[in-house]
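The structure appears below as structure tokens.
Numbering (the working numbering), first residue to last: 1 to 253.
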């Protein structure tokens, strides 16, 4: 199915939102707010109910309260992120920076402080779903071929990178995933959020700066002159783009 048709199909289907909040009034108001905005909503009061739902239902985004009876929102965020790449929005009554950092480190995508603006919450939910849908629509077809650029070879099966002389170049898991994500989408600008989504299944932390640091380290390993990169260019206010010509090579064993 063409990417445009796939994206249209995803947009016409009602996205299913999971809400976990022990405050009955917040559950009711948030469910009504998102329901009136065109989403399908299922709301529960605690982690145990969430776990039962996950056994039979699928969701597109989760809204988790931080302060919950039993397992708190941080614990539930960790569990969700271990099995799903769905966007996670945390709700909290505290604007404490430490809580926000902990939530992001555990894999949350966003943080909303109570009392929140209904329009802002809906806008954030829509933004995360839109970005996720765009990534799915733009995802390349499954392949087992290696990729080549300027004499270099990326082997996705062995998870190896070799330079033009055939020498193995040591990369961390995040660096390899970043290089692969960029090379598979060569000539296309990818934002930091998109790169985080693409590599989060392995090792990325949910901070924009972690992408910048990993890109910098990757450049030092593949660029002839890291301060004047040829392969991975920075796009101001956009993200990064892989500018080398990428070609499929022989199938990996």
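Just so it is clear, CB atoms sit at the ideal spot from N, CA and C, and this is done for glycine as well.
query: Pairs of beta-carbons, one from the segment 240–250 and one from the segment 185–192, closer than 8 angstroms: are there three or more?; result: yes
query: My understanding is that residue 74 touches residue 107, with C-beta atoms under 8 angstroms, so please give their C-beta distance in whole angstroms.; result: 10 angstroms between Cβ atoms; not a contact.
query: Quick check on the burial criterion: 16 or more other C-beta atoms within 10 angstroms. Buried or exposed for residue 30?; result: buried
query: Please say whether residue 86 and residue 59 have beta carbons closer to each other than 7 angstroms?; result: yes
query: Just tell me which of 246, 133 and 232 has its CA closest to the CA of residue 15.; result: 133
query: Let me check one thing: in DSSP terms, what residues is residue 160 bridge-paired to?; result: 155
query: Is DSSP giving residue 229 helix, strand or coil here?; result: coil
query: Please report how far the alpha carbon of residue 130 lies from the alpha carbon of residue 70, in whole angstroms.; result: 32 angstroms
query: Below 8 angstroms CB to CB, which residues in the same chain sit around residue 223 once its five sequence neighbours on both sides are set aside?; result: 229, 230, 231 and 232
query: Does residue 193 come out as helix, strand or coil in the three-state DSSP assignment?; result: helix
query: State the Cα-Cα distance for the pair residue 220 and residue 226, rounded to the nearest angstrom.; result: 5 angstroms
query: May I have the straight-line CA-CA distance separating residue 18 from residue 120, to the nearest angstrom?; result: 18 angstroms
query: Can you pull the DSSP bridge partners for residue 148?; result: 153 and 247
query: Verify whether the separation of the beta carbon atoms of residue 127 and residue 114 is less than 7 angstroms.; result: no
query: With burial defined as no fewer than 16 other Cβ atoms inside 10 Å of the residue's Cβ, what is the status of residue 180: buried or exposed?; result: buried
query: Can you name the residues that DSSP bridges to residue 44?; result: 20
query: For the candidate residues 216, 212, 26 and 152, whose alpha-carbon lies nearest to that of residue 44?; result: 26
query: To the nearest angstrom, report how far apart residue 91 and residue 39 are at their CA atoms.; result: 18 angstroms
query: Thinking just about the alpha-carbon of each residue, which of 197, 32, 49 and 88 is nearest to the one in residue 22?; result: 49
query: Quick one: give me the first and last residue of the alpha helix (DSSP H) that residue 182 is part of.; result: 173–184
query: Compute the Euclidean distance between the alpha carbons of residue 175 and residue 37, then round it to the nearest angstrom.; result: 39 angstroms
query: Please classify residue 218: does DSSP put it in a helix, a strand, or coil?; result: helix
query: Sort 79, 55 and 56 by Cα distance to residue 64 and report the nearest one.; result: 79
query: Below 7 angstroms between beta carbons: does that hold for residue 247 and residue 183?; result: no
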